[in-house]
Structures are given as C-alpha cells and as structure tokens.
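Below is one structure, written out as structure tokens; the observations come after it.
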Amino acid sequence: MLKTWLSVLLLLPLTAPAAIAEERRTAPTSAITLDESGLPVVSVTLHSMKNWNTTKSFRFLLDTGASCCIVDRSVPSEFFWDEPQTETTTTDIANQRITAPTVLLKRVEVGTVIRDGVFATRMDLRNQIGRFQDQPVDGILGMTFLQGTRFLLDPKAKRLVWWDYHFSPGVAVPLSETPGGPWISLRIGNQEVLATVDTGMSGGVDLPLALKPKGAAQATVSIGLSGVGVAGSEVLVNRLEAGSSAWVQLPVGFQSEDKTGRIGIDVWMAAPVCFDFITNHVTFSPDAAGNLPIRREPSRNLPLQWDRSGSTPRLLVLLVKPGSAMEKAGCKPGDELIQAGALRGLTLTRRGVQDLVASGIQHVWVVRRNGLELKLGFGPS
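So the sequence shown is residues 74 to 454, counted in the working numbering.
Here's what the structure looks like:
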C-alpha cells in the first residue's frame with residue numbers, strides 16, 4: 074500500500090484570525106473535486122493588489138493538517154505582499170525539512186468565507202506534491218484560513234457546506250489546537266495518543282511505531298512532501314477509540330518514530346463530517362452499528378510520479394512494492410511509462426493508469442528502461 078502525505082507540518086503558532094467570520098442564515102456551499110489520491114480540491118479566489126476589482130480563481134488542496142496556507146511559485150506576485158525577513162520551516166512525514174519564504178495574501182475567498190491578509194508560504198508545489206497529480210494544484214488551503222470557520226465535508230455530494238451540518242445524531246470529539254494541529258485524542262488499548270486531523274493525507278489512520286500491537290502486518294510505504302519514502306506496516310486493530318465512540322476492525326499504519334499520529338482522507342471521505350474550528354470539535358456521522366466511519370475500498374494510488382523538470386513531462390515508476398501487480402509485471406524503479414493499454418500521449422495520466430490497473434483487465438505497459446523500450450504484461454486480477 075502506498076500513501077502520500079500532501080499536508081505539511083509548519084512549525085508556527087496557530088493564532089486566531091482578527092475576526093471570526095459571521096454565521097449566515099443560509100448554508101452556502103463550495104464544490105470539491107478529488108485528485109488522484111482522493112484528496113479534496115476547492116476553488117479559491119485571490120484578489121489583486123494592483124486593481125481591487127481584479128480577481129482570479131485557483132485550485133487549492135483543502136488541508137486541515139497544514140497549519141499555514143501555501144501558494145505555488147507560479148501564483149503571480151500581484152496577489153500577495155512579500156515578507157522578505159521571514160521564513161518558515163516545513164517538516165514532512167520523512168522528517169525532511171524544507172525552508173520557504175512567507176507572504177501575506179491580500180484577500181482569500183472560498184464560497185462566502187473571506188479573509189484579508191492571510192499568512193502563507195511560497196513553495197514549488199508543482200515539483201513537490203505536483204509529482205503525484207496530473208494537474209498540479211496552485212496552493213494549499215491550511216489553518217491560517219480555516220481557523221474560525223465551521224463546515225461540513227459531504228463526500229457523497231462532493232461539497233463543503235459552510236456554517237452548518239445536516240446529520241443527527243453525531244459523535245462529537247473535542248479538538249485541541251497546538252502548533253501543527255488541530256489534533257484529536259485517540260485510545261488504543263490503555264494508551265492515548267494525539268493524532269492530527271489531516272484532510273491532506275491519503276489513507277486512513279497512522280500511529281507511532283511504539284504503539285504497534287502484535288499480529289499479522291502488511292508492508293506499506295509512505296511518501297512525504299520531499300519525495301522521500303518511509304517504510305512501515307499495517308495491522309488490523311480491533312478497536313481504536315475517539316471520544317465516546319470507536320473504529321472497529323480498523324487497518325492502522327505504524328511507521329513513524331514521532332509521538333503523534335495522523336488521520337487521513339479514508340476517514341474524512343467515508344461519511345459526512347463537520348469540522349468546527351469555532352468551538353473546536355469534529356463531529357462524525359456514525360455508521361449503522363454506531364461506530365466511527367471508515368472508507369474501506371482498496372487504494373488505487375500507484376507509486377507513479379511525474380517528472381516535470383524537462384520540456385515534456387514524464388511518468389516514472391517511483392518504487393515497486395513486493396508482491397504487487399507491478400512487481401509481477403516486471404516493473405523497476407525509474408522505468409518511464411510510455412503506454413498503458415490504450416493510454417498514450419495526452420491520455421496517459423496517473424488517474425487513468427490507476428483505474429486501469431484497479432480494473433483487473435489484462436493489458437500491457439510499454440516502458441523505457443536504459444534507453445530501451447520494453448513490454449510488461451499485467452494479467453487479470
């Protein structure tokens with residue numbers, strides 16, 4: 074199983090916005106789309122500093138695990154003030170540190186929620202998280218915007234509903250805000266651990282390696298913002314508690330030497346969930362048995378990445394997991410994917426290849442390895 078951490082931990086204090094946005098009588102919505110890893114992307118409007126009436130829409134990853142908003146280097150400078158004396162340090166899941174300059178976005182608008190002077194950093198997202206996206210995002214919508222809001226993430230309707238939620242009864246779990254938060258407290262056996270509420274992480278729940286129970290394990294690999302992979306394992310946990318409820322028979326990843334965990338998109342996209350950053354609660358809609366929800370369909374997130382360093386993007390094999398369909402077909406790390414089934418040229422995308430392999434249909438990959446083109450057969454599942 075491959076997971077990608079697109080969220081980042083910015084070593085900054087979380088400060089409340091100057092004013093909490095006013096609650097509306099109606100419930101405005103914002104549409105979301107899902108990238109190749111199933112992560113939510115929203116449309117964000119930025120306002121120009123040159124002309125008050127000039128705006129432009131950008132695609133931002135919705136990431137509650139990022140304490141700060143991030144804009145790609147391609148976003149024009151007319152939309153922000155430079156903060157040349159300030160830099161931030163970003164640490165990803167592989168404990169790789171990235172230093173980035175900071176800016177103040179003049180005005181950020183998502184649906185009816187508007188923030189002025191939003192603190193953000195500038196990074197080369199196109200060549201970082203963009204390696205795992207057919208269409209790289211323009212930014213990350215983090216907690217310097219989201220703090221002081223309340224919204225429902227509705228996975229079935231693929232939308233955010235601001236200032237409201239539409240399910241009852243719900244399971245409310247308190248949030249704690251610390252640098253790198255927000256967090257919720259989890260219990261595994263008789264041990265407690267804080268876990269980041271992270272809509273920018275693919276997969277489900279990951280906990281510190283020290284909490285790993287005995288039992289059969291499946292090998293995993295996770296890739297951070299830096300592109301560095303971290304090996305781990307996944308174990309089926311009988312019960313993982315949060316607040317007054319729990320997940321049962323939950324596959325949990327164990328790999329990090331950190332003392333905290335993360336809760337990813339397989340939880341947040343399983344059923345409607347309300348993120349309340351005003352009273353600091355997250356409210357789950359439980360399943361039919363009253364347990365916390367989890368999306369259990371197998372991941373389609375293949376270890377393929379885009380190399381956009383040249384004039385023409387190349388789709389490369391990042392790694393090959395033992396026992397995977399890619400290993401059985403003879404793939405090697407570094408292979409350049411030229412064709413997968415009928416997918417070639419502009420139709421060759423990560424999303425298309427992932428769907429093709431997941432379908433189990435017999436097909437052939439054409440790869441370039443050491444200057445030679447090879448054909449690799451994928452059999453039926």
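Glycine is no exception: its CB is placed at the ideal position from the N, C-alpha and C atoms.
Residue nearest to Thr-172 within the set His-354, Thr-194, Lys-394, Ser-116 is Thr-194 (criterion: CA-CA distance).
Along the length of the segment 223-250, whole beta strand (DSSP E) runs at least 3 residues long occupy 223-227, 232-235, 244-247, reported in chain order. The beta-bridge partner set that DSSP reports for Phe-451 consists of His-436. Ser-150 and Asp-408 have their C-alpha atoms spaced approximately 37 Å apart. According to the DSSP assignment, Phe-192 belongs to the beta strand (DSSP E) that extends over 186-196. Among the bridge pairs identified by DSSP, Gln-412 is matched with Arg-417, Val-439. Beta-bridge pairing by DSSP links Thr-269 to Trp-256, Arg-335.
Looking at the DSSP output, Leu-107 shares a beta bridge with Pro-113. Burial state of Val-114 is buried, judged by a 10 Å Cβ sphere holding 16 or more other Cβ atoms.
Under the criterion of beta carbons closer than 8 Å, Gly-212 and Asp-145 qualify as touching, at roughly 6 Å.
Secondary structure note for Leu-134: its beta strand (DSSP E) is the uninterrupted segment 128-135.
Below 8 Å, too few C-beta pairs join the segment 100-107 and the segment 193-210 to call them touching: fewer than three. If you look at Thr-217, you'll find it in the alpha helix (DSSP H) that goes 216-219. Around Ser-317, the same chain offers Val-244 as residues with beta carbons nearer than 7 Å, after the five sequence neighbours per side are excluded.
In this structure, Trp-256 sits away from Ala-100, with a CB-CB distance that is not shorter than 8 Å.
Between Trp-320 and Leu-309 the beta-carbon gap is near 11 Å, outside 8 Å, which marks them as no contact. Where Met-399 is concerned, the enclosing alpha helix (DSSP H) starts and stops at 398-402. Using a 10 angstroms sphere on the CB of Leu-134, the tally of other CB atoms reaches 16 or more, which defines it as buried. The beta carbon of Pro-371 sits closer than 7 Å to no other beta carbon from its chain once the five residues preceding and following it are set aside. The continuous beta strand (DSSP E) containing Phe-348 extends over residues 346-349. Residue burial is scored here from C-beta neighbours: Gly-414 has at least 16 other C-beta atoms within 10 angstroms and is therefore classed as buried.
Leu-445 counts as exposed, since fewer than 16 other beta carbons sit within 10 angstroms of its beta carbon.
Annotation: Val-393 is outside any beta strand (DSSP E) and is labelled neither H nor E by DSSP. For the set Lys-332, Trp-125, Leu-449, the Cα lying nearest the Cα of Gln-264 is the one of Lys-332.
In its chain, beyond the 5 residues on either side, Thr-128, Ser-130, Glu-182 have a beta carbon closer than 6 Å to the beta carbon of Thr-118. If you draw a straight line from the Cα of Asp-271 to the Cα of Thr-161, it is about 20 Å long. Taking the Cβ atoms as the reference, Leu-282 lies roughly 6 Å from Gln-328, within the contact range of under 8 Å. Nearest Cα to Arg-223 within the set Pro-324, Arg-424, Val-355, Arg-373: Val-355.
In the assembly as shown, Leu-419 is an exposed residue. Its beta-carbon has fewer than 16 other beta-carbons within 10 Å. Val-440 is positioned such that its CB atom lies closer than 8 Å to that of Leu-410. Per DSSP, reduced to three states, the secondary structure at Asp-207 is coil, with no helix or strand assignment.
For Leu-284, no beta strand (DSSP E) encloses it, and the DSSP letter there is neither H nor E.
Annotation: the continuous beta strand (DSSP E) that includes Phe-357 extends over 354-357. Beyond the five residues adjoining it in sequence on each side, Asp-339 comes within less than 7 Å, by CB distance, of Gly-276, Gly-277, Ile-367, Arg-368 in the same chain, given in chain order. Within the same chain, and ignoring the five residues on either side of Asp-227 in sequence, the residues whose Cβ sits closer than 7 Å to its Cβ are Val-234, Pro-345.
With respect to Leu-375, Val-426 sits close: the two C-beta atoms are nearer than 8 Å.
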